[in-house]
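Chains as they are written, first to last, in the numbering used here: chain A, 1 to 426; chain B, 1 to 361.
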């Protein structure tokens, strides 16, 4: 009936103006919405600018640094060109020696050799001195006919393809060498990707350890935080407010103070050792801080509120009727709690776990202060490369991997729990 | 039939040790009876229900179910079905899982659980929603599932705590009928809590009217409406006009109350002495406009203040015997064309006029 009606010419005629009206209506709606959107954009613009300048741009810059490799290509253009045909099997031809020697002389004289030498030294130990020495000596010679012989005479290492391989490997403007190093791999003289020698394998273990420690800390926080959140949510308001203030108290104290006070408590001559000794649990003082144990204890303490608060806020919104309903339907208190109550708290648990885990894999100050040698985490090595070894590319690559790990965690979490199910408040 | 299937004996409850929320509550419920606890919020009715369910403990007194004292019995061992105001359906379970919950808790075999869930879904006519979650159902459907869940394990006693409070008027009336139907069909005992007097009147066998922790009257709906025992009940159930006066004459069931210079004849419900103050209570529908002489023993002159049209009836607010808010319901077919400020004649039978206790003011 409906189909027949619409196919009638008169009905079709009638529909056309209707469609026009609808199009106009949509236009009007968009116009009205545009103003609203513009207003909300204007309101958030300062924050957006702030985040761009302080967060997004620096991160992008650091990520760029982790692959950026301008030194070789810029300073040794001829060498790079003459090495382009080299297969990295056997020594390069004479032309390469000539090109490198000329460029070394030029760089040495213009005093721009050191940064280049330092960069190469990261790839092959000792290459800095090799480059500097060769540059210096070459520039003292009056006239050289055979650069190859001269260079090998200055240092026998020029007879070794490993050093040439390093130059070749780094000859392009962008490099994955930092990422390789961050994952305990390297490019050998032949240009193949191989595992680092065992004594130089640091980072993979460190990543595993960081993830493991974070999981442990998150687990402990959940174990300690869940019952407390439940207590907070079920106590009468007057009492729970007081407890909540106690939970929040650490937030009002500096992170540094909290961390250092753990040093005071846990040190060899500290209160905890005194107490354990006095009670007789231990017979001689034990190392409680400046190791993994110290890191875990201090970080659990510091991150606990991040676990408690989301769980508490979700629990606070759960009507006691669910538990009562389960009881009245014949469930024992335990079953009622597990079957009817706990599933409802999962959104809070999800938020708490995600928050704590992500915070703890990037934690820096606490492991740095109480971690000693064994309690160090990946962020401490990032800081080391930023501040001490000045290998910013390496720091950026480690940071990039850390960022990727967090994103993967987030993705997995979304798949398993569902990000929409996460609640921090009600 | 057990006339004391549930009984509260001298039950008291206090939360802070100072104020009694429930003062000396006594109630016997017969097997298969539908009893409603009706009262304003904070009158202690829900507390009584929670004590019976086992979620609150009585400070004093005993509660018996089927002659067994249940004061120290855990809620899950009481075998009581309960319907909550906000349904309390488990949002993370499907409807079928919700309904299977009490059966699983009783460790029934799976095939039996499936059968029972199916049967109960058919009974509430919601067989098609078994795989949905509570959030996907309408309020009325959720209410019916909550009811089904409280019935699926075949408890003999079902408690309902304002189960229809969250529904709109039409749905509420439909559900009232539904609950009544299930009650009659299954022969279960129901203790129902509400603050809605219409709901209480239409559904219950007996109603306990609560105020300030005390049962004011326990009676059938008809009795409660027609013979309120005190001023609170008269005021709380339906609409009532009140007139304050003092007792002038009084024998066993009739009395004369003096209001200003006028004398009103009334039924003596709660008057004991000549000279004491009393409140007269008259329902608006029992007052007649332009009464025939001799038909009513009370006829007085009143002044109209307001006339409101209600379709089937007119609602008059008049000044009568010093009460400026005296309400009269007159059929709208009445030929009398009423003007505001007009003096009219009103009459009522002394049988419909209850002399009750004076309101403490």
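Glycine included, every Cβ here is placed at the ideal spot set by N, Cα and C.
For residue 347/B, which residues does DSSP report across the bridge?
-> DSSP output for residue 347/B lists 288/B and 299/B as bridge partner(s).
Residue 166/B at chain A interface by Cβ criterion, 8 Å = For residue 166/B, no CB of chain A lies under 8 Å from its own CB, so it is not counted at the interface with that chain.
If you pair each beta-carbon of the region 328–342 of chain A with each one of the region 260–280 of chain A, do three or more pairs fall below 8 Å?
-> The region 328–342 of chain A, when compared against the region 260–280 of chain A, does not touch it at the 8 Å Cβ threshold.
For chain A, is any of its Cβ atoms less than 8 Å away from the one on residue 195/B?
-> The Cβ of residue 195/B sits no closer than 8 Å to any Cβ of chain A.
Please work out which residues of its chain come closer than 6 Å, Cβ to Cβ, to residue 203/A, disregarding the five sequence neighbours upstream and downstream, and give them in chain order.
-> A distance below 6 Å between beta-carbons, with the five flanking residues on each side excluded, links residue 203/A to the following residues of its chain, in chain order: 182 and 184.
Opening and closing residue of the alpha helix (DSSP H) in which residue 186/A lies = Run containing residue 186/A: none in the alpha helix (DSSP H); it sits in the beta strand (DSSP E), 185–187.
Between residue 5/A and chain B, is there a C-beta pair that is closer than 8 Å?
-> Low per-residue confidence applies at residue 5/A: pLDDT is 49, beneath 50, and the placement is therefore not dependable, though the value from the model is reported in the following sentence. When Cβ-Cβ separations below 8 Å define contact, residue 5/A makes no contact with chain B.
Spatial neighbours of residue 218/B in its chain, beta-carbon cut-off 8 Å, leaving aside the 5 residues before and after = Hits under 8 Å: 27, 206, 207, 208 and 209.
Roughly how many whole angstroms lie between the Cα atoms of residue 249/A and residue 258/A?
-> About 11 Å.
Integer Cβ distance of residue 100/B from residue 113/B, believed to fall under 8 Å = So it is a contact: roughly 5 Å between Cβ atoms.
If you measure from the beta carbon of residue 215/A to each beta carbon in chain B, is any gap under 8 Å?
-> Output row for residue 215/A: interface = no.
Run the CB neighbour count on residue 321/A, radius 10 Å, all protein chains shown included, and call it buried at 16 or more, exposed below.
-> Buried: at least 16 other Cβ atoms inside 10 Å.
Among 172/A, 60/A and 121/A, nearest to residue 78/A - alpha-carbon criterion = Considering only 172/A, 60/A and 121/A, the residue with the shortest C-alpha distance to residue 78/A is 172/A.
Checking contacts by CB at 8 Å: is residue 75/B closer than that to chain A?
-> Cβ-Cβ to chain A under 8 Å: yes for residue 75/B.
Cβ of residue 296/B within 8 Å of any chain A Cβ | Chain A places no beta carbon closer than 8 Å to that of residue 296/B, leaving this residue out of the contacts.
Sorted by chain position, which residues of the same chain lie with C-beta nearer than 7 Å to residue 370/A's C-beta, five sequence neighbours on each side aside?
-> Taken in chain order, the residues that qualify are 259, 262, 263, 289, 290, 294, 295 and 298.
Top-ranked residue by Cα proximity to residue 43/B, from 212/B, 86/B, 329/B and 193/B | Distance from the Cα of residue 43/B is smallest, within the candidate group 212/B, 86/B, 329/B and 193/B, for 212/B.
Spatially closest choice to residue 169/B from 222/B, 140/B, 154/B and 359/B, by CA coordinates | Distance from the Cα of residue 169/B is smallest, within the candidate group 222/B, 140/B, 154/B and 359/B, for 140/B.
Answer with buried or exposed for residue 325/B, where buried requires no fewer than 16 other C-beta atoms within 10 angstroms of its C-beta.
-> Answer is exposed; the Cβ neighbour count stays below 16.
Exposed or buried, which one is residue 233/A when buried takes at least 16 other CB atoms within 10 Å?
-> By the neighbour-count definition (other C-beta atoms within 10 Å, threshold 16), residue 233/A is a buried residue.
Consider the Cβ of residue 207/B: report whether some Cβ of chain A lies at a distance smaller than 8 Å.
-> So no, residue 207/B is outside the interface.
When Cβ atoms are compared, which residues of the region 332–362 of chain A fall closer than 7 Å to chain B?
-> Answer set for the region 332–362 of chain A: 332, 335, 340, 343 and 344.
Member of 304/B, 331/B, 287/B and 150/B whose CA lies at the smallest distance from the CA of residue 353/B = That would be 287/B, whose Cα lies nearest to the Cα of residue 353/B.
Among 304/A, 356/A, 311/A and 124/A, which one has its Cα closest to the Cα of residue 197/A?
-> Checking every option, the nearest Cα to that of residue 197/A belongs to 124/A.
Where the region 297–329 of chain A meets chain B: residues whose CB sits under 8 Å from a CB there | So the list reads 319, 321, 322, 324, 325, 326, 327, 328 and 329, given in the order they occur along the chain.
Would you list the residues sitting across from residue 361/A in a DSSP beta bridge?
-> Looking at the DSSP assignment, residue 361/A forms no beta bridge with any residue, so it has no partner.
Could you name the residues that DSSP lists as bridge partners for residue 168/B?
-> Under the DSSP definition of a beta bridge, residue 168/B lacks any partner.
is_contact[residue 119/B, chain A] using C-beta, thresh 8 Å | Cβ-Cβ to chain A under 8 Å: no for residue 119/B.
Name the chain A residues whose beta carbon is nearer than 7 Å to that of residue 92/B?
-> Those within 7 Å of residue 92/B in chain A are 343 and 344.
Closer than 8 Å, CB to CB, is residue 109/B near chain A or not?
-> It does not: the Cβ of residue 109/B has no partner Cβ on chain A nearer than 8 Å.
Starting from residue 331/B, follow the beta strand (DSSP E) in both directions and report where the run begins and ends.
-> Residue 331/B -> beta strand (DSSP E) spans 323–331.
Unbroken stretches of the alpha helix (DSSP H), 4 residues or longer, contained in the region 204–262 of chain A = For the region 204–262 of chain A, whole alpha helix (DSSP H) runs of length 4 or above, ordered along the chain, are 237–248.
Between the Cα of residue 429/A and those of 146/A, 165/A and 82/A, spot the shortest distance and give me the residue it belongs to.
-> Outside the modelled stretch of chain A, which goes from 1 to 426, sits residue 429/A, for which no answer is possible.
Mind listing which residues of the region 95–107 of chain B have their C-beta closer than 8 Å to chain A's C-betas, in chain order?
-> For the region 95–107 of chain B, residues whose beta-carbon sits nearer than 8 Å to a beta-carbon of chain A comprise 101, 102, 105 and 106.
Closest by C-alpha distance to residue 176/B, when choosing among 159/B, 187/B and 198/B | Closest by alpha carbon: 198/B.
Proximal residues of chain A, C-beta to C-beta of residue 149/B below 9 Å = Against residue 149/B, the close residues of chain A are 325 and 329, in the order they occur along the chain (beta-carbon pairs closer than 9 Å).
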